[in-house]
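Take a look at the structure below.
Residue numbers (this note's numbering), protein chains in the order written: chain A, 4 to 140; chain B, 141 to 1162.
The following block contains the structure:
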């Protein structure tokens, strides 16, 4: 739930590495994740959208957190944005959002049947949206 | 008249199985009571008595009746019987009611006195024998239930007066016996430390205790398995909590029971000999580059020498010691205890090792070993008993390591030809497994790198503890130590162990973890503010730990022994703590603190497949023996939750890996395991009344308690050979068959379009014929290959003739074939590129021909409801089933028609015979003899279980069976029913090739006690 699925990534560097694919097994490692605070939400494409939205809403309404951070990686960027906008739209102006984009380095293992296993890195975009209550004037 | 009859019947019912001695109560002669008892015993015990025993039995019954009916006859029957046979006859004649008619029939006209007397003498002997070993509570059990009272054994006055005297004697006797048995000891004395320890040591001699045994025994259901006492599962209800710990926090498991074998020798020799045990075809070998440098831990399945792909031994993990200045390399092979003996003998065979122990490289340490082991022996304990001063002898205190082993038993074997030394390090090194994303934090908080000693320090210390000061003297060691410490400090910056390369090894020397324990149990949480050095963390994630940092002194046996021996006891630590100026502050021992070399090994989580990669990753901690509890408690205090064998099994299941020994039906240990489980389950099944247990024959399950791999594979092979691949099958199948044929023709045709348009008109039937021909022509070759094995190992033909496909190349190929064209799998297929072989009839044929007896490990996830259980069948859905699924996606699946029970009559017959035999109906001995063979043949007939060896496993049900589930459950990771199991390779290819491309890989799963099939998706994860 909390992890962004990197399977959504398109195999962008397919042509870049021209190798005999039978000899290799490609294993994608988990994306690096910063240690998680309680108000961090990592969006994925597997969980139902409504459930993720409800989870964010609950966090904001619970009163524990004045702000939450929604992270989305790759394909999940759209969904992260969608969630943030939905939250904002449903709050009648009580919530504001601030977005940040970044690039995440992902690691793939190339396992060989013989020889040293290779690793390669590729980049993917990510978004971090802060959703917070506007200060009462 | 009828009233009398009823009364008698009632009485007979009441007195059935009752010893008749109570009727002798009026006579105080104990012999009378005994003889009565004896006779009744013989009556109840042997329903088929012979002619003479028949008399005897009747006599017994007769006496009961006589006594109750006319209690004014207190004569001692036993004496009379012993005295003369005439007495017996008088008694019989005296019984006029009830059985009178039968007796009249029974009475023979002539009796030879000698024969009769001999028979009586034999009976009397039997009676006396029966009386001789009387259980203590017999006098109580002799009372009919209606006359029993509460606490009768406690208070003798609750017994009827006439029995008191006998009972009194009995009670006294028992009391005396008890006194003699328990020699003493009050509870306080028994719980005294020394005595308790002695008791513990005694109990450890049969099954090895892990060092955390007592901790576990208080909190876990313990089981005795593989010669160890192991915690099975926590006594608290924590199934889900343990799962959550695995996936979100940290679960700790004691894996010290896994056995370590050390091989040392030159690298070339080792690789050459060990190369025979594995194959590059199956993935990793001992020679894999990353593993060979000592940087990574590797895992593989070992085979008997040069026997790949048949005759595997089992899965092992291995670890090379990083290169040291000396020429010899060290290799640790970690194996499951069920596998150890097989592995050891095979290694000895391969290395040509003899049992002769060769002088050790370090004789001093040899001495210490013998010293410790000698003290573990029984004589040592006895000495301790006599000698009060012996309390101070340290090694006698506790068994550390393997307590069951004979101290004189050799643990080292040396090869004279290659110089390879094999050493059995069972219980020498402990292994703890941390599973879950927080295992970093737990480890980081619990372990602290040892402080470096300055040159001035540590000089004055005793000789034993100075290994660290010696170690510190060399500057290169210190830079190494600093580097290792640096890596440890980086760990909390990594959120999950899955982010670093699989199998990374980190050596470390840590201080005593008991010294910086928190007061209460805490939960280690990551602290984002502490994270610095992001660049270094990135580097660590990308490349892992360098090979040089994998070096640790734990490889050195001398150091291990020193560390074990110089461990400060808990008591000593506490004494020092009590002398602290500020109570509760941290105890600083300075240079005196023990330094423990350890190894940290990363365990990769779920590697195979697309989903949930990295789930269940964690770290293994390898510790020298003796330090078990010293590390265990600090880890627990950092918020790790402890799990047992059950959690371990779930962990492998959710990772989608086969679990040893359950899921290795081709290994000797696996075969053994399945036989044991079957026996156990049948025993359990038999305990239920037939109405309260499933009738597996009705459910069409031939083997509900094991998986008949052998028959399954044979069936598919013959099916394939016959060429009647499509047409054969059970009678019920005939309706389905032609359609399947048509459909499969279409689908394979689709592929052929891609290849060449010329082949398009080719009918599949022709192909199949061709195939069958080619199979028959090919068969001799295959036969030759296979014949070599059965000729050598005919004994294992029962179940050992099945192999599991572990060739990675082939698995990958089949894996892509099993995926539907529309799903994600297709993307990877495109991604994998042109090297992948397309699924054509030829390719399939080639695989089938070359691998006729192979099983494939598959994962099944259920589409809708249902959670499969062990031994569920995996079947091929028929054409209608696929249509059904397409038309109504929410349907639960097809149903198996209820099967007829062909053994019903047999069972009924045997039952009625039994009944007749039990009834008092008098028959001649000849009749008995006639009946006996029938009864014996129906002896092992269990109602609801298929009695014979299963025949035609493949087509027993309405859908063709291709495999069985070995582990199945509702998966908490996926959120649906999930099953792991094996399918026959031939069956799988048959299924896949006959399915439409977009619905490829759909199968049916049916639990053994259910008629409902469920749809499931087959996944082969490589």
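Every residue gets a Cβ at the ideal spot worked out from N, C-alpha and C, and that includes glycine.
Query: Taking three-plus beta-carbon pairs below 8 Å as touching, is the segment 843–850 of chain B in contact with the segment 1084–1098 of chain B?; Result: yes
Query: Assign residue 742 of chain B to buried or exposed, taking buried as 16 or more other Cβ atoms, counted over all protein chains shown, within 10 Å of its Cβ.; Result: buried
Query: Considering only their Cβ atoms, is the gap separating residue 984 of chain B from residue 1103 of chain B smaller than 9 Å?; Result: no
Query: Under the DSSP definition of a beta bridge, which residues are partnered with residue 728 of chain B?; Result: In DSSP, residue 728 of chain B forms no bridge with anything.
Query: Starting from residue 124 of chain A, find everything on chain B with Cβ-Cβ shorter than 8 Å and list it in chain order.; Result: 682
Query: Is there at least one Cβ from chain A nearer than 9 Å to residue 348 of chain B's Cβ?; Result: no
Query: Is the CB-CB distance between residue 571 of chain B and residue 760 of chain B below 9 Å?; Result: yes
Query: Locate the beta strand (DSSP E) running through residue 572 of chain B, then write down its first and last residues.; Result: 569–575
Query: Only counting the same chain, and skipping five residues up and downstream in sequence, which positions put a Cβ closer than 6 Å to that of residue 462 of chain B?; Result: 434, 687, 690, 691
Query: In three-state terms, what does DSSP make of residue 1146 of chain B?; Result: strand
Query: Would you mind sorting residue 356 of chain B into buried or exposed? The rule is 16 or more other CB atoms within 10 Å of its CB.; Result: buried
Query: Quick check for students: name the residue ranges of the alpha helix (DSSP H) that lie wholly in the segment 441–506 of chain B, counting only runs of 4 or more.; Result: 477–491
Query: Is DSSP giving residue 681 of chain B helix, strand or coil here?; Result: helix
Query: Taking 9 Å as the threshold (C-beta atoms), are residue 1008 of chain B and residue 1119 of chain B in contact?; Result: yes
Query: Could you give the residue range of the alpha helix (DSSP H) that holds residue 768 of chain B?; Result: 768–777
Query: Does the beta carbon of residue 1154 of chain B come closer than 9 Å to any beta carbon on chain A?; Result: no
Query: Reducing DSSP to helix, strand and coil, say where residue 542 of chain B ends up.; Result: coil
Query: Report the three-state DSSP secondary structure of residue 287 of chain B (helix, strand or coil).; Result: helix
Query: Looking only at its chain, what residues have a beta carbon closer than 8 Å to the beta carbon of residue 380 of chain B, apart from the 5 residues adjacent to it on each side?; Result: 1112
Query: Any beta carbon of chain B sitting closer than 9 Å to that of residue 108 of chain A?; Result: yes
Query: Any Cβ of chain B within less than 9 Å of the Cβ of residue 64 of chain A?; Result: no
Query: Mind reading off the beta-carbon distance from residue 133 of chain A to residue 72 of chain A? Whole number of angstroms is fine, and I expect it under 8 Å.; Result: 5 Å
Query: In this structure, what does DSSP give as the bridge partners for residue 1014 of chain B?; Result: B:1103, B:1145
Query: Under a Cβ-count criterion, where at least 16 other Cβ atoms within 10 Å of its own Cβ denotes burial, should residue 1178 of chain B be classed as buried or exposed?; Result: Here chain B covers residues 141 to 1162 and nothing more, so residue 1178 of chain B does not appear.
Query: Name the two residues that bound the continuous beta strand (DSSP E) containing residue 390 of chain B.; Result: Counting along the chain, residue 390 of chain B falls outside any beta strand (DSSP E), and DSSP gives it neither H nor E.
Query: Excluding five sequence neighbours on each side, which residues of the same chain lie with their C-beta closer than 6 Å to the C-beta of residue 848 of chain B?; Result: 1090, 1093
Query: Could you list the residues in the segment 739–762 of chain B with a C-beta less than 7 Å from some C-beta on chain A, going in chain order?; Result: 747, 750, 753, 754
Query: Please state the DSSP three-state secondary structure of residue 782 of chain B.; Result: strand
Query: Give me the Cα-Cα distance between residue 713 of chain B and residue 375 of chain B, rounded to the nearest whole angstrom.; Result: 31 Å
Query: Rounded to a whole number of angstroms, what is the C-alpha to C-alpha distance between residue 719 of chain B and residue 569 of chain B?; Result: 33 Å
Query: For the beta strand (DSSP E) that contains residue 606 of chain B, what are its first and last residues?; Result: It is not in any beta strand (DSSP E) - residue 606 of chain B carries neither H nor E in the DSSP assignment.
Query: Should the segment 728–747 of chain B be regarded as contacting the segment 649–657 of chain B, the criterion being three or more beta carbon pairs within less than 8 Å?; Result: yes
Query: Looking only at its chain, what residues have a beta carbon closer than 6 Å to the beta carbon of residue 752 of chain B, apart from the 5 residues adjacent to it on each side?; Result: 746, 1113
Query: Note down, in chain order, all residues in the segment 420–453 of chain B with a beta-carbon under 9 Å from any beta-carbon belonging to chain A.; Result: 420, 421, 423, 424, 425, 427, 428, 429, 430, 433, 436
Query: Just checking my contact of residue 943 of chain B with residue 449 of chain B at CB under 8 Å: how many whole Å lie between their CB atoms?; Result: 6 Å
Query: Pull up the distance between the alpha-carbon of residue 424 of chain B and that of residue 438 of chain B, whole angstroms please.; Result: 7 Å
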